[in-house]
Amino acid sequence: SQKIEQNSEALNIQEGKTATLTCNYTNYSPAYLQWYRQDPGRGPVFLLLIRENEKEKRKERLKVTFDTTLKQSLFHITASQPADSATYLCAPQTDSWGKLQFGAGTQVVVTP
Amino acid sequence: EPEVTQTPSHQVTQMGQEVILRCVPISNHLYFYWYRQILGQKVEFLVSFYNNEISEKSEIFDDQFSVERPDGSNFTLKIRSTKLEDSAMYFCASRPNKKDTQYFGPGTRLTVL
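From first to last, the protein sequence lines stand for chains B and U. All residue numbers for the first sequence refer to the working numbering, where the first residue is 1091 and numbers rise by one. All residue numbers for the second sequence refer to the working numbering, where the first residue is 21 and numbers rise by one.
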């Protein structure tokens, strides 16, 4: 069955450093991979989408890579700020228009 | 900026009771979804809805669940006879077309006692 794995341990990082999160998937070949942010008690908020033919995507201080050989995506937050503290969810998809299947998420805590 | 809205924000009900969770998707959106998140667990897909019919549903979405778009603005999720294990956050999402991403509402916290 399809599996999506994200680091279950919280990532504690100092303000100004780069946070790197990992998303691994098995038993399927997604054509797209999305990253969402979720704050406590709130719905997921879309951040970035990367396609299988794109190696890297950037948006402001965020960077996503997608390695279909390793079946892995890396999500980077550069120059992290306390406001970046949240849980980050990855969602590999086989098609762009169907349901989203999320990983369990990785919590990021940025301390001043 | 347009947002998906959900009501109520918190619903408390007794086991066996029916509940209706309401969502108002963004106005020009055509695809609608319900997800749930049990406390401490991942966000799980329940059902997708397009052109006034269900396009896909998960194993969780059994006969106790139903969805409806009763008018041009609301999208509802009904649970006929709630169980303790239905306690969760329920998120509605919508998207304007197949290529755009999904926009999530703030959620309804359902507590079944």
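Beta carbons: idealized from backbone N, C-alpha and C, even for Gly.
Cβ-based neighbour list, residue i, same chain, cut-off 7 Å, excluding 5 preceding and 5 following
i: residue 32(U); result: 131 and 133
i: residue 104(U); result: 35 and 132
i: residue 1091(B); result: 1117
i: residue 1136(B); result: 1124 and 1126
i: residue 1194(B); result: 1096 and 1098
CB of residue i within 9 Å of CB of residue j, strictly
i: residue 55(U); j: residue 124(U); result: yes
i: residue 1116(B); j: residue 1140(B); result: no
i: residue 1177(B); j: residue 1153(B); result: no
i: residue 1201(B); j: residue 1166(B); result: no
i: residue 117(U); j: residue 89(U); result: no
i: residue 1128(B); j: residue 1179(B); result: yes
i: residue 1196(B); j: residue 1119(B); result: no
i: residue 79(U); j: residue 1192(B); result: no
i: residue 1248(B); j: residue 1113(B); result: Residue 1248(B) lies beyond the range of chain B shown here (1091 to 1202); nothing can be said about it.
i: residue 110(U); j: residue 92(U); result: no
Whole-Å CB distance - residue i paired with residue j, under 8 Å assumed
i: residue 37(U); j: residue 102(U); result: 6 Å
i: residue 24(U); j: residue 43(U); result: 7 Å
Enclosing beta strand (DSSP E) for residue i [first to last residue]
i: residue 30(U); result: 30-33
i: residue 81(U); result: Run containing residue 81(U): none; DSSP gives neither H nor E here.
i: residue 1107(B); result: Residue 1107(B) -> no beta strand (DSSP E), and no H or E assigned at all.
Simplified DSSP assignment, three categories, for residue i
i: residue 1169(B); result: coil
i: residue 1174(B); result: helix
i: residue 104(U); result: helix
i: residue 1157(B); result: strand
i: residue 94(U); result: coil
i: residue 68(U); result: strand
i: residue 1121(B); result: coil
i: residue 1099(B); result: coil
Proximal residues to residue i (C-beta, below 6 Å), its chain only, five neighbours per side dropped
i: residue 1190(B); result: 1181
is_contact[residue i, chain D] using C-beta, thresh 9 Å
i: residue 1132(B); result: Going by chain labels, chain D is absent from the structure shown, which instead holds the protein chains B and U.
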